[in-house]
Amino acid sequence: MMVTSAMRDIRWTPRSAPGADDPSLANDTDRFAGQHVLSMRQYDRSDLEQLYTATDTLFSEEYDASDKPLEGKILLSAFFEKSTRTRLSHETAMLRLGGSVSGFADAQVTRAAGLAQEAHEDIYRMLSFYGDVLVTRHPDTGAPGKAAHVASIPVINAGDGLGEHPTQAMTDLYTLRQEFGRIDDLRILFTEDLRMRCIRSLLIGLQHYNCEIHCLPAAGKGLDPTLVQELRAHGRLVIEHSDLIRALPAVDVVYTSPTLRDDVPRQPPTDTPSQPSSVTITRDVLEQHAGAGLVVLNELPRRGELSSDVDETPFNRYWKQAANGLPVRMALLKLMFGK
Amino acid sequence: MMVTSAMRDIRWTPRSAPGADDPSLANDTDRFAGQHVLSMRQYDRSDLEQLYTATDTLFSEEYDASDKPLEGKILLSAFFEKSTRTRLSHETAMLRLGGSVSGFADAQVTRAAGLAQEAHEDIYRMLSFYGDVLVTRHPDTGAPGKAAHVASIPVINAGDGLGEHPTQAMTDLYTLRQEFGRIDDLRILFTEDLRMRCIRSLLIGLQHYNCEIHCLPAAGKGLDPTLVQELRAHGRLVIEHSDLIRALPAVDVVYTSPTLRDDVPRQPPTDTPSQPSSVTITRDVLEQHAGAGLVVLNELPRRGELSSDVDETPFNRYWKQAANGLPVRMALLKLMFGK
Amino acid sequence: MMVTSAMRDIRWTPRSAPGADDPSLANDTDRFAGQHVLSMRQYDRSDLEQLYTATDTLFSEEYDASDKPLEGKILLSAFFEKSTRTRLSHETAMLRLGGSVSGFADAQVTRAAGLAQEAHEDIYRMLSFYGDVLVTRHPDTGAPGKAAHVASIPVINAGDGLGEHPTQAMTDLYTLRQEFGRIDDLRILFTEDLRMRCIRSLLIGLQHYNCEIHCLPAAGKGLDPTLVQELRAHGRLVIEHSDLIRALPAVDVVYTSPTLRDDVPRQPPTDTPSQPSSVTITRDVLEQHAGAGLVVLNELPRRGELSSDVDETPFNRYWKQAANGLPVRMALLKLMFGK
Chain B
98 MMVTSAMRDI
108 RWTPRSAPGA
118 DDPSLANDTD
128 RFAGQHVLSM
138 RQYDRSDLEQ
148 LYTATDTLFS
158 EEYDASDKPL
168 EGKILLSAFF
178 EKSTRTRLSH
188 ETAMLRLGGS
198 VSGFADAQVT
208 RAAGLAQEAH
218 EDIYRMLSFY
228 GDVLVTRHPD
238 TGAPGKAAHV
248 ASIPVINAGD
258 GLGEHPTQAM
268 TDLYTLRQEF
278 GRIDDLRILF
288 TEDLRMRCIR
298 SLLIGLQHYN
308 CEIHCLPAAG
318 KGLDPTLVQE
328 LRAHGRLVIE
338 HSDLIRALPA
348 VDVVYTSPTL
358 RDDVPRQPPT
368 DTPSQPSSVT
378 ITRDVLEQHA
388 GAGLVVLNEL
398 PRRGELSSDV
408 DETPFNRYWK
418 QAANGLPVRM
428 ALLKLMFGK
Chain W
98 MMVTSAMRDI
108 RWTPRSAPGA
118 DDPSLANDTD
128 RFAGQHVLSM
138 RQYDRSDLEQ
148 LYTATDTLFS
158 EEYDASDKPL
168 EGKILLSAFF
178 EKSTRTRLSH
188 ETAMLRLGGS
198 VSGFADAQVT
208 RAAGLAQEAH
218 EDIYRMLSFY
228 GDVLVTRHPD
238 TGAPGKAAHV
248 ASIPVINAGD
258 GLGEHPTQAM
268 TDLYTLRQEF
278 GRIDDLRILF
288 TEDLRMRCIR
298 SLLIGLQHYN
308 CEIHCLPAAG
318 KGLDPTLVQE
328 LRAHGRLVIE
338 HSDLIRALPA
348 VDVVYTSPTL
358 RDDVPRQPPT
368 DTPSQPSSVT
378 ITRDVLEQHA
388 GAGLVVLNEL
398 PRRGELSSDV
408 DETPFNRYWK
418 QAANGLPVRM
428 ALLKLMFGK
Chain A
98 MMVTSAMRDI
108 RWTPRSAPGA
118 DDPSLANDTD
128 RFAGQHVLSM
138 RQYDRSDLEQ
148 LYTATDTLFS
158 EEYDASDKPL
168 EGKILLSAFF
178 EKSTRTRLSH
188 ETAMLRLGGS
198 VSGFADAQVT
208 RAAGLAQEAH
218 EDIYRMLSFY
228 GDVLVTRHPD
238 TGAPGKAAHV
248 ASIPVINAGD
258 GLGEHPTQAM
268 TDLYTLRQEF
278 GRIDDLRILF
288 TEDLRMRCIR
298 SLLIGLQHYN
308 CEIHCLPAAG
318 KGLDPTLVQE
328 LRAHGRLVIE
338 HSDLIRALPA
348 VDVVYTSPTL
358 RDDVPRQPPT
368 DTPSQPSSVT
378 ITRDVLEQHA
388 GAGLVVLNEL
398 PRRGELSSDV
408 DETPFNRYWK
418 QAANGLPVRM
428 ALLKLMFGK
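From first to last, the protein sequence lines stand for chains B, W and A.
Read in my numbering, the first sequence has 342 at position 245, and its numbers run on one by one without any break.
Read in my numbering, the second sequence has 432 at position 335, and its numbers run on one by one without any break.
Read in my numbering, the third sequence has 226 at position 129, and its numbers run on one by one without any break.
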């Protein structure tokens with residue numbers, strides 16, 4: 098069996114490492130081309146700026162939406178945990194770039210359900226024979242890293258247990274930059290359940306920006322102390338609050354998040370309605386206490402933490418945040434394929 | 098952030114209303130281009146004729162099946178209720194036109210399962226950021242209308258509770274026109290459960306045609322009295338029957354439908370076999386009592402209401418009806434995109 | 098309604114039989130073009146050689162991976178039973194050839210769940226109106242054959258109950274030929290549960306090759322006696338073993354397979370962990386007792402029958418076997434479409 102360029106292209110032989118079969122992707126200075134996307138720790142400020150700029154070009158007059166830079170490439174979704182927004186924004190980003198999509202949205206359709214974690218690694222390895230990039234969500238923290246270890250193609254972490262959710266953080270950072278023209282000098286309030294993986298990833302990204310982190314957690318749901326230490330080591334102010342009314346005037350952004358339920362790995366599913374959030378952001382409270390330019394973000398779906406009467410106010414940027422999930426992931430995929 | 102033509106094309110910013118971003122779609126006389134498809138009430142006789150003609154062209158010698166009028170467009174499926182025929186005929190219609198498909202076939206793969214209806218609206222809004230047209234089935238009557246209210250892209254109702262199923266009615270009407278060369282002057286018998294949403298939609302469409310409606314419902318499963326009033330207000334004869342043997346010679350078409358089970362919203366699923374239909378259409382009864390040109394239709398899957406021994410008889414048009422689901426939906430999508 | 102070439106191409110009218118609408122596909126000497134793929138019994142040695150040669154071309158320098166021979170064609174997946182590798186290798190093979198994919202990965206998303214077998218035939222017939230080739234897995238032995246009887250498009254059996262799994266056998270045979278340059282004169286040991294449908298299909302294929310079949314089944318899980326008779330009628334040696342240590346030095350290939358659990362039709366699903374295999378292939382036992390060139394195959398997912406410490410040894414060819422699933426199915430689809 099001869100190793101030919103056609104075979105490399107079709108990728109049914111494992112690559113020794115991402116980028117290894119194409120020297121042009123092995124460039125040390127490019128943190129995206131041929132690389133896994135596992136953690137926000139992979140990116141410094143200039144890497145993130147590269148991503149924002151690539152996203153900006155998708156909004157420009159010159160961008161040709163009929164271009165198909167990823168034609169012939171296949172994105173494989175391997176979602177061992179429920180998702181709508183994250184899965185569909187990755188999948189439609191691939192389709193918008195001319196690529197194709199396959200995979201599974203539900204571990205129950207695979208014979209993987211009920212198998213040991215080791216068998217999951219077999220599945221990841223196998224999937225990498227069939228596609229060109231793998232997007233995975235898994236209830237076990239660290240599972241995408243294990244996938245990256247065995248996969249012959251780049252792996253995107255679309256959320257792992259209590260770990261990270263880097264592409265959500267990229268979208269959040271891009272939305273802040275789009276709204277304020279900068280990320281430095283912003284004061285951002287995180288409310289309710291600060292253990293969320295999207296918040297962890299966002300805070301790792303924010304370490305590179307001169308911003309203030311304000312926290313108003315529900316009882317027992319505060320920031321990981323290690324993360325707080327790390328932020329302070331980077332010179333960031335981390336400020337604890339106990340009262341929404343007093344916190345609001347002091348911040349530019351409120352990042353609301355629901356209390357973890359189905360994201361918690363190994364927690365049995367429940368049919369009881371969400372418990373009411375201890376803090377609910379409403380139109381009233383914003384109109385009375387927030388600064389005029391305050392911006393509200395939320396990683397949907399919301400439960401009780403954000404009232405729908407905020408939807409029609411100028412504070413609402415969570416629709417824009419959701420919409421930005423598409424162009425940011427289009428830009429990321431383009432960079433990963435060296436386009 | 099500049100609003101550019103590329104952005105409009107990629108549609109990650111909400112449109113104020115379908116058609117609003119493209120003046121050429123705002124034409125009052127076109128009921129399809131850029132419009133939602135929620136109810137058969139949207140269409141008069143000339144609108145339906147426009148759809149049939151567009152479907153006819155797909156059957157013509159001149160039609161070029163390699164044409165890709167919807168290349169680069171994405172159809173999103175959001176099925177909160179089970180479907181095979183309806184979902185796949187929409188999806189393959191989109192693929193046949195050169196478009197792409199994403200979405201979900203099962204609410205269980207989304208985090209929407211167990212959430213409040215309000216959260217479903219968030220999901221619909223979000224989906225509309227990622228695709229160009231949204232097809233949805235939902236157990237709640239009226240849910241697609243709510244989706245249309247929040248979505249920035251056209252919404253197709255693929256069945257809502259006890260509401261409507263307009264694209265099925267379009268397929269049924271086209272099949273009748275194809276078989277008889279007309280829809281006027283047909284006598285159509287509806288049997289068994291007349292509360293079905295596909296029957297409701299079909300009867301709304303039939304109001305525009307000079308036809309007779311014959312009814313042979315199971316006990317407690319008759320036509321909605323409002324719908325009967327409406328048909329009579331349009332000058333249509335509505336005739337009740339109590340005996341299949343006497344009804345058959347008087348009609349040109351039998352539209353058989355199973356007793357509602359899994360279509361009924363909020364009715365708990367059951368593993369017990371379907372209860373036998375009170376009326377079963379068999380080869381014997383047709384050969385003894387039906388006119389020579391009688392045509393049997395059925396919205397599959399069938400349960401006990403239609404015997405498989407009818408399959409090989411000349412009465413069977415339900416395979417053709419099922420097959421027509423593809424070209425009718427291709428024509429509809431083309432018209433919706435102004436092609 | 099006129100039957101035109103466009104209609105035939107779009108295939109929304111049933112064909113009388115595969116190949117019937119295109120005389121060029123009716124060639125008696127071609128066992129692939131326009132034909133169903135239901136059983137390895139359809140193929141003799143020269144047919145299989147045709148498939149291997151077509152697969153070889155996908156590995157050649159001259160192969161152009163950007164070619165789209167199946168552009169505009171739709172593959173429909175109808176998986177009534179769980180699958181990851183088989184479904185995704187068929188689907189991505191279709192995508193790699195420029196085609197599209199639709200269907201369902203889980204019978205629960207269709208209204209077919211809980212319906213009678215007769216309704217499954219309705220579904221198969223209906224699916225064939227929407228696509229160009231149908232791939233199906235079903236817990237009932239013989240279901241794909243029934244599908245082929247009603248479908249107007251070619252059907253691929255992707256595993257039926259205790260029946261067959263022909264495309265897996267094609268992949269296994271190709272992998273053997275790739276490794277050894279031949280299939281004749283190989284000595285192949287089958288361990289553990291020899292009732293598996295992939296083993297049945299492989300042994301039917303191996304009847305055409307001058308090889309020795311060695312068996313080391315778990316208690317009560319031996320080869321079907323009819324299959325043994327058939328192999329001997331073809332002049333093949335079938336040798337029973339009771340001790341792995343003594344069997345290993347006598348063979349060139351070990352084909353390990355897990356004890357049947359979820360593949361067994363109508364067997365209730367169980368949440369208890371797999372029972373430990375009575376034979377486990379480990380690195381130690383291979384290094385001490387196997388010949389240097391011995392090759393281990395496995396139809397993943399594995400349970401207890403194959404230790405992960407074999408992964409890094411030169412005995413491991415199961416990753417290559419998994420990877421070959423893509424090009425073999427690409428070649429098969431090309432041949433089925435006469436390309």
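For each residue, glycine too, the CB sits at the ideal point set by N, CA and C.
Under the rule that 16 or more other beta-carbon atoms within 10 Å means buried, what is residue i, buried or exposed?
i: residue 366 of chain B; result: Confidence at residue 366 of chain B is low in this model, with a pLDDT of 38, below 50, so the placement of that residue should be treated as unreliable; the coordinate-derived value is given next. With fewer than 16 other Cβ atoms within 10 Å, it is exposed.
i: residue 265 of chain A; result: buried
i: residue 118 of chain B; result: With a pLDDT of only 43 at residue 118 of chain B, under the threshold of 50, the placement of this residue in the model should not be trusted; the figure read from the coordinates follows. Buried: at least 16 other Cβ atoms inside 10 Å.
i: residue 157 of chain B; result: exposed
i: residue 331 of chain B; result: exposed
i: residue 346 of chain W; result: exposed
i: residue 423 of chain W; result: buried
i: residue 329 of chain W; result: exposed
i: residue 360 of chain A; result: Confidence is the limiting factor: at residue 360 of chain A the pLDDT is only 43, short of 50, which leaves the residue's position unreliable and the question unanswerable from this model.
i: residue 255 of chain B; result: buried
i: residue 142 of chain W; result: exposed
i: residue 337 of chain W; result: exposed
i: residue 402 of chain A; result: buried
i: residue 186 of chain A; result: buried
i: residue 334 of chain B; result: exposed
i: residue 304 of chain W; result: buried
i: residue 200 of chain B; result: buried
i: residue 257 of chain A; result: buried
i: residue 246 of chain A; result: exposed
Quick one: list the residues of chain B neighbouring residue i, beta-carbon separation under 9 Å, in chain order.
i: residue 216 of chain W; result: 397, 398, 399 and 400
i: residue 220 of chain W; result: 181, 182, 397 and 398
Using the beta-carbon of each residue, which ones in chain W are nearer than 7 Å to residue i?
i: residue 226 of chain A; result: 419, 420 and 423
With respect to the alpha helix (DSSP H) encompassing residue i, which residues constitute its N-terminal and C-terminal limits?
i: residue 312 of chain A; result: Run containing residue 312 of chain A: none in the alpha helix (DSSP H); it sits in the beta strand (DSSP E), 309-314.
i: residue 143 of chain A; result: 142-155
Starting from residue i, trace the beta strand (DSSP E) both ways and give me its first and last residue.
i: residue 254 of chain B; result: 252-257
i: residue 200 of chain B; result: 197-201
i: residue 173 of chain B; result: 171-176
i: residue 287 of chain W; result: 284-289
Give the interface partners of residue i over in chain A, defined as CB-CB distance under 7 Å, in chain order.
i: residue 223 of chain B; result: 182, 397 and 419
I want to know whether the region 223-230 of chain A touches the region 166-184 of chain A - three or more CB-CB distances under 8 Å. A contact exists between the region 223-230 of chain A and the region 166-184 of chain A.
Residues of the region 393-404 of chain W whose Cβ lies closer than 9 Å to any Cβ of chain A, in chain order:
Against chain A - using a Cβ distance shorter than 9 Å - the residues of the region 393-404 of chain W are 397, 398, 399 and 400.
For the 8 Å Cβ check, are there 3 or more pairs between the region 124-139 of chain A and the region 238-251 of chain A? Contact between the region 124-139 of chain A and the region 238-251 of chain A is present, because at least three Cβ pairs lie under 8 Å.
- Message: Under 8 Å, with one C-beta from each stretch per pair, do the region 219-227 of chain A and the region 186-195 of chain A reach the 3-pair mark?
- Response: A contact between stretches requires three or more CB pairs, one per stretch, nearer than 8 Å, and the region 219-227 of chain A fails this requirement with the region 186-195 of chain A.
Which residues of the region 161-172 of chain A have a Cβ closer than 8 Å to any Cβ of chain B? Give them in chain order. In summary, the residues of the region 161-172 of chain A whose CB is separated from some CB of chain B by less than 8 Å are 161, 162 and 163, in the order they occur in the chain.
Taking contact to mean at least 3 C-beta pairs separated by less than 8 Å, is the region 375-393 of chain W in contact with the region 234-242 of chain W? In this structure the region 375-393 of chain W does not lie against the region 234-242 of chain W, because fewer than three pairs of beta carbons, one per stretch, are closer than 8 Å.
Practice task
Below 8 Å between beta carbons is the criterion; list the residues of the region 135-152 of chain A that meet it against any residue of chain W, in chain order.
Solution key: Hits within the stretch: zero.
Open item on the list: Taking 8 Å as the cut-off, does the region 312-320 of chain A touch the region 409-427 of chain A (at least 3 CB pairs, one atom from each stretch)?
Closed with: With contact defined as three or more Cβ pairs closer than 8 Å, the region 409-427 of chain A and the region 312-320 of chain A are not in contact.
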